[in-house]
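Student: So in the numbering used here, the last one in the sequence shown is 1616, and the numbering has no gaps at all.
Quick reminder that beta carbons are idealized off the backbone N, C-alpha and C, glycines included.
Here the structure is a predicted model, which is why all the values come from computation and not from measurement.
Below is a structure I'd like to ask you about.
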Amino acid sequence: MGGLAAAARATELGASVVVHEKGDRPGGSMLLSSGVVWRYREWERFREECPGGDPSLQRLVWELLGDALAWLESLGAPVVARETGNPATEGVRFDPRGLTESLARRAGEIRLREPLVELSGNAPVVLATGGFQGDRALLRRFVTPEADSLLLRANPWSTGDGLRLALERGAGLSDGMDEIYGRAMPAPPARVTPETFASLAQVYARHATVRNARGDVYEARTWSEVDVVRWAASQPGARAWYHVRNEALGERVRDRTVGEMVEAARSAGARVAERDGGVEVEVVAGITQTLGGIRVDERARAAEGLFACGADAGGISTGGWSSGLAAALVLGLTAAEEALR
Ligand SMILES: Cc1cc2nc3c(=O)[nH]c(=O)nc-3n(C[C@H](O)[C@H](O)[C@H](O)COP(=O)(O)OP(=O)(O)OC[C@H]3O[C@@H](n4cnc5c(N)ncnc54)[C@H](O)[C@@H]3O)c2cc1C
1276 MGGLAAAARA TELGASVVVH EKGDRPGGSM LLSSGVVWRY REWERFREEC
1326 PGGDPSLQRL VWELLGDALA WLESLGAPVV ARETGNPATE GVRFDPRGLT
1376 ESLARRAGEI RLREPLVELS GNAPVVLATG GFQGDRALLR RFVTPEADSL
1426 LLRANPWSTG DGLRLALERG AGLSDGMDEI YGRAMPAPPA RVTPETFASL
1476 AQVYARHATV RNARGDVYEA RTWSEVDVVR WAASQPGARA WYHVRNEALG
1526 ERVRDRTVGE MVEAARSAGA RVAERDGGVE VEVVAGITQT LGGIRVDERA
1576 RAAEGLFACG ADAGGISTGG WSSGLAAALV LGLTAAEEAL R
């Protein structure tokens, strides 16, 4: 998201842009996402939900998101809904494929399968490689000793290239390097594919008793359940077990019931046991993105001539979760404008 938004904006402002894309298609995790670009309705709520995040970056995203959404729509990005389904937040849900296409069409020259591996020349560079969730060694170093057991719930190409390049250029690390965003997913032998990253998410810890392999119990604290996923990520095998009593199976979490999520896990081949008046699903922490990364200022500057946006730019959601698409969009536009200035 961040890279294409930056490239489309810079092209619009008259720059000649080259987009290096490591993958075999544009769009990264944005294309796999649910396409909801959102913010907390209240600024104070944003601060409460993500208390460790840099307030100046948060303010930037929060204040500029409305204009950024209007810009996306002006490119023809197809809107699916103008609400998020969560009363605490507001935003727009786009069709991810149409969103990707409308940005890619305007992003200048896109060189597929040509990763950026070194920084050379004098042209400004915007790093937007999507974080480091695809690199087990970096995850082990910064996030959890259980890194090898995490399920990668994201594009496979975001392996910390932006972070490495920025550090080589003298950039700093943001706060919250150990923090991640993700979802509890049905554990192997369940079959999880990119097409089922969204539909197989198990988001009902608030209605369940959550425990690890040793039997230690964890109580969910956040609406997004990001805290549960972080906890699970540091448990043996990055595993947890969600036990739901039969009477809670009809509870709704947004557009699905708990029972529907359990059945989705069962049909994907997850271990689901009937016990103690309910069902128990074995889940694994699925990592969608890292929340720590390159330290940037409110002009997306990381070092001389070097900018970062998207999950590469850390320290925005620290302590909780806010829309990764929104942060990538706003910082991407900011990076393009600052790079040209
Ligand atoms: C299933 C799912 C659902 C989601 N739903 C939502 C949602 O509804 N709302 C929301 O806000 N967020 C959502 N997200 C998160 C959202 O997709 C990310 O926050 C967002 O895509 C991050 O943007 P980005 O630009 O940092 O990374 P990406 O969009 O992943 O783009 C990074 C790009 O960099 C490329 N790359 C990596 N290394 C290199 C290199 N060395 N050289 C060149 N290119 C490189 C990658 O191939 C990729 O194309 C979801 C994610 C998933 C997986």
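How far does the beta strand (DSSP E) with alanine 1515 in it reach, from first residue to last?
Tutor: Counting along the chain, the beta strand (DSSP E) containing alanine 1515 begins and ends at 1514 to 1520.
Student: Measure how close the beta-carbons of serine 1592 and valine 1312 come, nearest whole angstrom, since I'm counting them as under 8 Å.
Tutor: Not confirmed; about 14 Å, so no contact.
Student: Per DSSP, methionine 1460 is paired with what?
Tutor: DSSP lists Val1559 as partners of methionine 1460.
Student: Decide yes or no for the touch test of the stretch 1452 to 1464 against the stretch 1549 to 1558: beta carbon pairs closer than 8 Å, at least 3 of them.
Tutor: Enough Cβ pairs lie closer than 8 Å, so yes.
Student: What is the DSSP secondary structure of glutamine 1564, reduced to helix, strand or coil?
Tutor: Correct three-state label for glutamine 1564: strand.
Student: Mind checking which residues open and close the alpha helix (DSSP H) that includes leucine 1414?
Tutor: Looking at the DSSP string, the run of the alpha helix (DSSP H) that includes leucine 1414 is 1411 to 1417.
Student: Who pairs with alanine 1578 in a beta bridge, going by DSSP?
Tutor: Beta-bridge pairing links alanine 1578 to Leu1581.
Student: Since I believe glycine 1590 is in contact with arginine 1570 (beta carbons under 8 Å), could you give me their beta-carbon distance rounded to a whole number of angstroms?
Tutor: Sure, about 7 Å apart at Cβ, within 8 Å.
Student: Evaluate contact between the stretch 1344 to 1363 and the stretch 1387 to 1397, counting only Cβ atoms and requiring at least three cross-stretch pairs below 8 Å.
Tutor: The answer is no - the stretch 1387 to 1397 does not touch the stretch 1344 to 1363, with fewer than three Cβ pairs under 8 Å.
Student: Under the three-state reduction of DSSP, which class applies to tryptophan 1346: helix, strand or coil?
Tutor: Tryptophan 1346: helix per DSSP, three-state reduction.
Student: Decide yes or no for the touch test of the stretch 1505 to 1523 against the stretch 1474 to 1486: beta carbon pairs closer than 8 Å, at least 3 of them.
Tutor: Touching, yes, given that three or more Cβ pairs across the two stretches are closer than 8 Å.
Student: Going by other Cβ atoms of all chains shown within 10 Å of its Cβ, with 16 needed for buried, is valine 1336 buried or exposed?
Tutor: Classification of valine 1336: buried, given that the 10 Å Cβ count is 16 or more.
Student: Are threonine 1434 and glycine 1451 touching if we call contact CB-CB under 8 Å?
Tutor: Taking 8 Å as the Cβ cut-off, threonine 1434 and glycine 1451 do not qualify as a contacting pair.
Student: Excluding the five sequence neighbours on either side, which residues of its own chain have a C-beta within less than 7 Å of the C-beta of isoleucine 1385, listed in chain order?
Tutor: So the qualifying residues of the chain are Val1294, Glu1296, Pro1301, Ala1379.
Student: With DSSP as the reference, please indicate the residues paired to leucine 1448 in a beta bridge.
Tutor: Beta-bridge pairing links leucine 1448 to Ile1569.
Student: Taking the alpha-carbon of glycine 1277 as reference, which of Gly1437, Glu1323, Gly1289 has the nearest alpha-carbon?
Tutor: Among Gly1437, Glu1323, Gly1289, the Cα nearest to that of glycine 1277 is on Gly1437.
Student: Between the C-alpha atoms of glutamate 1579 and alanine 1398, what's the straight-line distance to the nearest angstrom?
Tutor: Rounded to the nearest angstrom, the two C-alpha atoms are 11 Å apart.
Student: According to DSSP, simplified to helix, strand and coil, what is alanine 1356?
Tutor: The answer is strand: DSSP assigns alanine 1356 an E or B state.
Student: Using the rule of at least 16 other Cβ atoms within 10 Å of the residue's Cβ for burial, across every protein chain shown, is glycine 1585 buried or exposed?
Tutor: Its Cβ being crowded by 16 or more others within 10 Å, glycine 1585 is buried.
Student: So, under 8 Å CB-CB, alanine 1283 and leucine 1350 are touching, yes? Tell me the CB distance rounded to an integer number of Å.
Tutor: 7 Å between Cβ atoms; contact.
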